[in-house]
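Peer 1: Numbering (our numbering), first residue to last: 62 to 162.
Yeah, the Cβ is synthetic: ideal placement off N, Cα and C, and Gly gets one too.
Only a predicted model underlies this, so the values are computations on that prediction, with no experimental measurement involved.
First the structure, which I've put down as structure tokens, then a few questions once you've had a look.
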Amino acid sequence: MTDNATKLAPGTKTRTERPRLYKVLLVNDDFTPREFVVAVLKAEFRMSDDEAFKVMLTAHQQGVCVVAVYPRDVAETKATRASDAAKAHGFPLRFETEPEA
Ligand code: TYC
Numbered sequence: 062m063t064d065n066a067t068k069l070a071p072g073t074k075t076r077t078e079r080p081r082l083y084k085v086l087l088v089n090d091d092f093t094p095r096e097f098v099v100a101v102l103k104a105e106f107r108m109s110d111d112e113a114f115k116v117m118l119t120a121h122q123q124g125v126c127v128v129a130v131y132p133r134d135v136a137e138t139k140a141t142r143a144s145d146a147a148k149a150h151g152f153p154l155r156f157e158t159e160p161e162a
């Protein structure tokens, strides 16, 4: 198979594209304690105390903060696990995912 032109439909891309990456976003709310947000960031995203505190504070002040960037399945799994941990403790804390620009 050396001649793509004889095998592929017109317009078929032959370049290998990198899979799109997804951002995990931390969303602010008025109820979840700061310490709990920091604990979830450390547990689920393996952040240091300092990193987790900075990310929490940015979301608190700006409304949202990018936590990390991953392939889609990893981003969705981590966002779901982190949101579920909050729900299990009765907090409305939410993590969302969105494709990178
Ligand atoms: N705003 C919350 C408070 O004042 C703390 C908080 C920070 C909650 C970041 C969510 O993503 C968040 N207790």
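1) With DSSP run on the structure shown, which of helix, strand or coil describes residue 155?
2) Determine, using beta-carbon pairs with one atom in the stretch 114 to 123 and one in the stretch 137 to 150, whether at least three such pairs fall under 8 Å.
3) In terms of residues, what are the limits of the beta strand (DSSP E) holding residue 129?
4) When the distance is taken between beta carbons, is residue 82 closer than 7 Å to residue 126?
5) State the CB to CB distance for the pair residue 85 and residue 131, rounded to an integer number of angstroms; the pair is presumed to be in contact (CB under 8 Å).
6) In or out: residue 147 buried (at least 16 other Cβ within 10 Å) or exposed?
7) Could you name the residues that DSSP lists as bridge partners for residue 84?
8) Please list, following the chain, all residues that have a C-beta closer than 6 Å to any non-hydrogen atom of ligand 1.
9) What does the alpha-carbon distance come out to for the pair residue 161 and residue 150?
10) By Cβ distance, which residues of its chain are closer than 8 Å to residue 80, with the 5 residues on each side in sequence left out?
Peer 2: The short version:
1) Within the sequence shown, numbered from 1, the residue matching residue 155 stands at position 94. Of the three classes helix, strand and coil, the one that applies to residue 155 here is strand, per DSSP.
2) In short, these stretches do not touch, since the Cβ pair count stays below three.
3) For the purposes of this step, residue 129 is taken as the residue at position 68 of the sequence shown. Unbroken beta strand (DSSP E) run through residue 129: 125 to 132.
4) Within the sequence shown, numbered from 1, the residue matching residue 126 stands at position 65. Within the sequence shown, numbered from 1, the residue matching residue 82 stands at position 21. Contact: no.
5) If you number the sequence shown from 1, residue 85 lands on position 24. If you number the sequence shown from 1, residue 131 lands on position 70. Taking C-beta atoms under 8 Å as the contact rule, residue 85 and residue 131 qualify, at a distance of about 7 Å.
6) By one-based count along the sequence shown, residue 147 stands at place 86. With 16 or more other Cβ atoms within 10 Å, it is buried.
7) Taking the first residue of the sequence shown as position 1, residue 84 is located at position 23. Paired residues: 130, 159.
8) Matched residues: 87, 88, 89, 90, 91, 93, 94, 95, 98, 117, 120, 121, 154.
9) Start at 1 with the first residue of the sequence shown, and residue 161 comes out as number 100. Start at 1 with the first residue of the sequence shown, and residue 150 comes out as number 89. For residue 161 and residue 150, the distance between alpha carbons rounds to 30 Å.
10) Within the sequence shown, residue 80 is the residue found at index 19, counting from 1. Contacts found: 132, 133.
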